[in-house]
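Engineer: Chains as they are written, first to last, in the numbering used here: chain A, 92 to 545; chain B, 26 to 268.
Don't be surprised by glycine CBs; every beta carbon is placed ideally from N, CA and C.
Only a predicted model underlies this, so the values are computations on that prediction, with no experimental measurement involved.
Now the structure itself:
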């Protein structure tokens, strides 16, 4: 190890210690300053670590946590970054935290979630052994630009890691197209049938062929633009899959039970998280673990013992009221949550929180691309809205068909929590990212629950 | 009474929630007991433009622009031009707004011809003009301050004598230089404002509806609606912009 790297580690640790003394959080600053001292610090520290890296629009955090669970169950020695630390700076901080002062790795493996824009830089630096790309949806156009731009970022990142095994969502025409542009070994995963989905979305994020721009036809659709796509003009089509969910046996508010196939083996898997998008997360995580060397039977079970947390279907019990928090970030994710809510067979109170900080998307117009009409058509009761852009959220729901008198704008989070803690029915809080961080802290404090994972 | 709305290129021009504008127009009609139909006209499909009262064109990704230009050249550009000349009402946003102008020149100098229905041109800049913004509309467009979100790298310059939709109160508008925002030509309302622009700006939305209804039934009066939530969202943003 060179002296610059040593200094970089020192700086990172010192800044972290200072932040701790000053009782200030933040995982980015230490890594950012360390990288100034030693620009290739992440590269040096990651050299002896076997890394699984997860990127894509939706499902990064959940997939990372499911993969962690798989590693934990198999007794692997690993570490992982937190979702808030998924840029180069945060990844660097995480690497420093998990190495000795002299840059020696403390663990053999790591699960690193990586922001899709940062992936281009981060992946070639830390040279992951396995890369999982979950999907590509329109997300924060103000930050990422057009979806094809994000795709190109990911492509460039993978090209910098030619030896990595790349796991791709076969049902996403954008993600699957990466296989044709890279020399890496690819593993595909997907759903072998619609599994209850099937309707075309109001707005598709990829309606036209990525190669020749003809409109896709579908043998079946799962959700959003995902499904068995076929381009009638150039023949580009959903590739065959190595990990396949062939059947949905049952689903409820907490889980789905499916049949999954991989490596010539078929088994029943209980995905310990509800909704179709988490079936994808389970299949993608299984593929990543297989690519990492785990046997297929074991890899497919990774989502069985999974505990949801940190805003992703996370459950809280507050004075007897069950509160579930479901993070939404973009139309595709939001539509899936609406689908899930509409499938509930019980009365509930929905609470929508809309913020417009940088991490949420400063442009909140995406709420108009999400299908709240479906929610309004199925839901009769009261709706509570909050967050920095509570008024815009209320307006969206009004135009979706929720009568104005059933909409309550409650700006104050403590008043909001007072209100939801006295319910005789379950409460679903549906926040954007920074709103989630904020209300979750208050809620966890009231529930006296420990911080699980971020 | 019923308004026939045509949604041009819903398959490719569907970014940034702009379809919310259609939803807004339809709801504001329906709350007043006025019917409406929306005909989707994607790439490759044609229709008799004379049967529509109002046209909506949203913004899109550069990726799909080629497909769009080739479809326009197959007759739609002419249909759009004559509909505008006939005084049909158009609401066009961002890419849809640029498309009605003469041309678009990328920052590295490549020019492609657009419809040329109105005299203005757009030049690509390297930096995007992005963020919440506001502009003041004239009385023929509702007369209110409109709030929205702009996100464009194209700078639009209006030809001599072409009226803007409004004057910028905060943000960039057409080009960040001359204080104009959008275009107001015959019954065309062109703007860079996403948001979508109409729900939070009920006066602007009603000005568009009134223009369309007036053509069908001169002097048609719109019943007032309870716009308390709309004004709340509107005023919040004005205040945040320091206006």
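Once you ignore the five residues that flank residue 57/B on each side, which residues in its own chain have a CB closer than 6 angstroms to its CB?
Structural biologist: Here the set comprises 248.
Engineer: Leaving out five residues on either side along the sequence, give the residues of the same chain with a beta carbon under 7 angstroms from the beta carbon of residue 121/B.
Structural biologist: Here the set comprises 38, 82, 83, 84.
Engineer: Assuming residue 318/A and residue 285/A are in contact, meaning their beta carbons sit under 8 angstroms apart, how far apart are those beta carbons, in whole angstroms?
Structural biologist: Between residue 285/A and residue 318/A the Cβ distance is about 7 angstroms, and since that is below 8 angstroms, they are a contact.
Engineer: What residues from the region 464-492 of chain A come within 7 angstroms of chain B, judged by C-beta to C-beta, listed N to C?
Structural biologist: Those residues of the region 464-492 of chain A that come within reach of chain B (Cβ to Cβ, closer than 7 angstroms) are 482, 483, 485, 486, 489, 490.
Engineer: Nearest by alpha-carbon distance to residue 294/A: which of 369/A, 337/A, 206/A, 422/A is it?
Structural biologist: It is 422/A.
Engineer: Whole alpha helix (DSSP H) runs in the region 120-205 of chain B with 4 or more residues, listed along the chain?
Structural biologist: The qualifying runs are 120-124.
Engineer: With residue 204/A as the anchor, note down where its beta strand (DSSP E) starts and where it stops.
Structural biologist: Unbroken beta strand (DSSP E) run through residue 204/A: 200-204.
Engineer: Is residue 63/B helix, strand or coil by DSSP?
Structural biologist: Strand at residue 63/B.
Engineer: I think residue 145/B touches residue 181/B, with their Cβ atoms under 8 angstroms apart; what is that distance to the nearest whole Å?
Structural biologist: Yes, they are in contact, since the Cβ atoms of residue 145/B and residue 181/B sit about 6 angstroms apart, within 8 angstroms.
Engineer: Assess, as a yes-or-no matter, whether the region 165-177 of chain A is touched by the region 241-257 of chain A under the definition of 3 or more beta carbon pairs within less than 8 angstroms.
Structural biologist: Segments in contact, no.
Engineer: Span of the beta strand (DSSP E) holding residue 408/A?
Structural biologist: Looking at the DSSP string, the run of the beta strand (DSSP E) that includes residue 408/A is 403-409.
Engineer: Could I get the ranges of all uninterrupted alpha helix (DSSP H) runs contained in the region 326-399 of chain A, with 4 residues as the minimum, in chain order?
Structural biologist: Whole alpha helix (DSSP H) segments, 4+ residues: 367-382, 387-391.
Engineer: By DSSP's criteria, residue 171/A is part of a beta bridge. Which residues make up the other side?
Structural biologist: 202/A, per the DSSP bridge assignment.
Engineer: List the whole-angstrom C-beta distance separating residue 232/B from residue 167/B, where the pair is believed to meet the contact cut-off of C-beta under 8 angstroms.
Structural biologist: Yes, residue 232/B and residue 167/B are in contact; Cβ-Cβ is about 4 angstroms, under 8 angstroms.
Engineer: Going by C-alpha to C-alpha distance, which of 334/A, 345/A, 242/A, 275/A sits closest to residue 297/A?
Structural biologist: Comparing Cα-Cα distances from residue 297/A to each of 334/A, 345/A, 242/A, 275/A, the minimum goes to 242/A.
Engineer: Give a yes or no on whether the minimum CB-CB distance between residue 237/A and chain B is below 7 angstroms.
Structural biologist: Yes, contact with chain B.
Engineer: How big is the Cα-Cα spacing for residue 389/A and residue 161/A?
Structural biologist: Whole-angstrom Cα-Cα distance: 8 angstroms.
Engineer: By how many angstroms is the C-alpha of residue 462/A removed from the C-alpha of residue 425/A?
Structural biologist: Approximately 8 angstroms, taken between the alpha carbons.
Engineer: Can a CB atom of chain A be found closer than 7 angstroms to the CB of residue 1/B?
Structural biologist: Because residue 1/B is not part of the residues shown, which for chain B are 26 to 268, the question remains open.
Engineer: Determine whether the Cβ of residue 28/B lies closer than 7 angstroms to any Cβ atom of chain A.
Structural biologist: Not an interface residue.
Engineer: For residue 188/A, which residues does DSSP report across the bridge?
Structural biologist: Partner(s): none; residue 188/A has no beta bridge.
Engineer: Determine the direct distance from the alpha carbon of residue 151/B to that of residue 545/A, and round the result to whole angstroms.
Structural biologist: Per-residue confidence for residue 545/A stands at a pLDDT of 40, beneath the threshold of 50, marking its modelled position as unreliable; the derived number appears in the next sentence. Straight-line Cα distance between these residues: approximately 37 angstroms.
Engineer: Can you give me the C-alpha to C-alpha distance between residue 255/A and residue 79/B, rounded to a whole angstrom?
Structural biologist: Those two C-alpha atoms are separated by around 53 angstroms.
Engineer: For residue 66/B, count neighbouring Cβ atoms within 10 angstroms of its own Cβ and tell me buried if that reaches 16, exposed if not.
Structural biologist: Residue 66/B comes out buried.
Engineer: Give the residues of chain B in contact with residue 458/A, contact being defined as C-beta atoms less than 9 angstroms apart.
Structural biologist: Those within 9 angstroms of residue 458/A in chain B are 42, 45.
Engineer: For the candidate residues 208/A, 201/A, 237/A, whose alpha-carbon lies nearest to that of residue 221/A?
Structural biologist: Looking at the Cα atoms, 201/A is the closest of the given residues.
Engineer: When you compare each of 142/A, 157/A, 439/A, 132/A to residue 396/A by their alpha carbons, which one comes out closest?
Structural biologist: Nearest of 142/A, 157/A, 439/A, 132/A to residue 396/A, Cα basis: 157/A.
Engineer: Might you give, ordered along the chain, the residues of its own chain that have their beta carbon closer than 7 angstroms to the beta carbon of residue 489/A, omitting 5 neighbours on each side?
Structural biologist: So the list reads 495, 498, once near-sequence residues are dropped.
Engineer: Tell me whether residue 441/A sits in a helix, a strand or coil according to DSSP, three-state version.
Structural biologist: Here residue 441/A sits in strand by DSSP.
Engineer: Per DSSP, what kind of secondary structure is residue 98/B in: helix, strand or coil?
Structural biologist: DSSP places residue 98/B in helix when its eight states are reduced to three.
Engineer: Residue 312/A touches chain B at which residues, Cβ-Cβ below 7 angstroms?
Structural biologist: None at all; the shortest Cβ gap to chain B is about 16 angstroms.
Engineer: If you count every other CB in all the chains shown that lies within 10 Å of the CB of residue 259/B, and 16 or more means buried, which is it?
Structural biologist: Answer is buried; the Cβ neighbour count reaches 16.
Engineer: Closer than 7 angstroms by beta-carbon distance: list the chain B residues that pair up with residue 423/A, in chain order.
Structural biologist: Within chain B, no residue comes near residue 423/A; the closest Cβ sits about 14 angstroms away, beyond 7 angstroms.
Engineer: Using the Cα positions of residue 102/A and residue 125/A, report the straight-line distance between them to the nearest angstrom.
Structural biologist: Looking at the two C-alpha atoms, the distance is approximately 6 angstroms.
Engineer: Consult DSSP for residue 282/A and reduce its assignment to one of helix, strand or coil.
Structural biologist: In this structure, residue 282/A counts as strand in the three-state DSSP scheme.
Engineer: Okay, do the region 442-451 of chain A and the region 466-477 of chain A touch, 3+ Cβ pairs below 8 angstroms being the bar?
Structural biologist: Result yes; three or more Cβ-Cβ pairs closer than 8 angstroms.
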